[in-house]
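Residue numbers (our numbering): 103 to 341.
Here it is in structure tokens:
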């Protein structure tokens, strides 16, 4: 068992390296926003360690810079990060039923979009140590990028920072393309999701919603429709 956990941890670290590199680039711009809100480098890094969410942190720093109250910031964080509730529900089905509650709590600490993606792609039931391995490199990348962004992010040209951020989208493609090649249904769902996501940013009324709220609506509608039209039998654990 120890050897299995060690291998899963090492695999998680390997898969988490591109996530950490993408986080490092994105967090540079986050660090600039934190600096504009009056945060020191250490305070910004601490915020990233306790709130691993790009949209949520950007929204929080923006509101703080505008002098918003605690309640307004709390409500905005809830809305911006609400999609992680759905991700956590889906991820809980990936865990073995006998997974201890402590491991479930620890995994829930860092259910980001990217880590959720690689965790769902993990073959079979998810070994918690795989997630811990990904955390071990991804979290320092996010917090460290925020720290460096406060110190020196403003010295880098904006074009360079945006170019580095493209790596995160490349990683998403690496996650979804291989399984999409094996399933026409999954490929169709991905294409529908992309088209609907684009449409939601243009439709009157819906486009005014936050990105987190739009993501929740899309997830519920598309995932629910796919589950009804193309039900997937639950995999039985091997004895």
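Each residue gets a CB set at the ideal place from its N, CA and C atoms; glycine is no exception.
Since this is a predicted model, take the numbers as computed values, not measurements.
Margin query: Let's test the definition: count the other Cβ atoms within 10 Å of the Cβ of residue 168 and tell me whether it reaches 16, buried, or not, exposed.
Written below: The residue you call residue 168 lines up with position 66 of the chain shown. With a threshold of 16 other beta carbon atoms within 10 Å, residue 168 falls short and is exposed.
Check: How about residue 131 and residue 251: are their beta carbons less than 9 Å apart?
Finding: Mapped onto the chain shown, residue 131 falls at position 29. Mapped onto the chain shown, residue 251 falls at position 149. Inclusion of residue 131 and residue 251 in the CB contact set at 9 Å is warranted, their separation being smaller than that value.
Checklist line | Option nearest residue 205 by Cα separation, candidates 220, 217, 283, 231 | finding: Within the chain shown, residue 205 is the residue found at index 103, counting from 1. With distances taken between CA atoms, residue 205 lies nearest to 231 out of 220, 217, 283, 231.
Next item on the list: Spell out whether any CB of chain D is found under 9 Å from the CB atom of residue 296.
Entry: Although the question refers to chain D, the structure presented lacks it and comprises just one protein chain.
Next item on the list: Could you tell me the distance, in whole angstroms, from the CA atom of residue 143 to the CA atom of residue 247?
Entry: In the chain shown, the residue the question calls residue 143 occupies position 41. In the chain shown, the residue the question calls residue 247 occupies position 145. Using only the alpha carbons, I get a separation of about 10 Å.
Margin query: So, with DSSP's three-state summary, where would you put residue 250?
Written below: Taking the first residue of the chain shown as position 1, residue 250 is located at position 148. If DSSP states are grouped into helix, strand and coil, residue 250 belongs with the helices.
Check: What number of angstroms, rounded off, separates the C-alpha of residue 109 from the C-alpha of residue 174?
Finding: Within the chain shown, residue 109 is the residue found at index 7, counting from 1. Within the chain shown, residue 174 is the residue found at index 72, counting from 1. If you draw a straight line from the Cα of residue 109 to the Cα of residue 174, it is about 44 Å long.
Note to self: I'd like to know if the stretch 140 to 159 and the stretch 276 to 289 are in contact, where contact means that at least 3 CB-CB pairs between them fall below 8 Å.
What the structure shows: With a cut-off of 8 Å, the stretch 276 to 289 and the stretch 140 to 159 do not count as touching, because too few Cβ pairs lie within range.
Note to self: Going by C-alpha to C-alpha distance, which of 308, 289, 218 sits closest to residue 332?
What the structure shows: In the chain shown, counting from the first residue as 1, residue 332 sits at position 230. The shortest C-alpha to C-alpha distance from residue 332 to any of 308, 289, 218 is the one to 289.
Checklist line | residue 111 in three-state terms, based on DSSP | finding: If you number the chain shown from 1, residue 111 lands on position 9. Three-state DSSP puts residue 111 in a helix.
Note to self: Taking the straight line between their C-alpha atoms, what separation do you get for residue 319 and residue 180?
What the structure shows: Numbered from its first residue, the chain shown carries residue 319 at position 217. Numbered from its first residue, the chain shown carries residue 180 at position 78. Spanning the two alpha carbons is a distance of roughly 15 Å.
Next item on the list: Spatial neighbours of residue 287 within its chain, please: CB distance less than 6 Å, with the 5 preceding and 5 following residues excluded, ordered by chain position.
Entry: Taking the first residue of the chain shown as 1, we reach residue 287 at position 185. Correct list, in chain order: 332.
Notebook entry, point to check: Quick one: what does DSSP say residue 138 is sitting in, helix, strand or coil?
Noted result: Your numbering for residue 138 matches position 36 in the chain shown. It is helical.
Next item on the list: Indicate whether residue 229 and residue 105 have their beta-carbon atoms separated by less than 9 Å.
Entry: For the purposes of this step, residue 229 is taken as the residue at position 127 of the chain shown. For the purposes of this step, residue 105 is taken as the residue at position 3 of the chain shown. No; because the gap between Cβ atoms is not below 9 Å, this pair is not in contact.
Next item on the list: Measure the Cβ-Cβ separation of residue 115 and residue 239 and say whether it is below 9 Å.
Entry: Counting from 1 along the chain shown, the entry for residue 115 is found at position 13. Counting from 1 along the chain shown, the entry for residue 239 is found at position 137. Yes, the Cβ-Cβ distance between residue 115 and residue 239 is below 9 Å.
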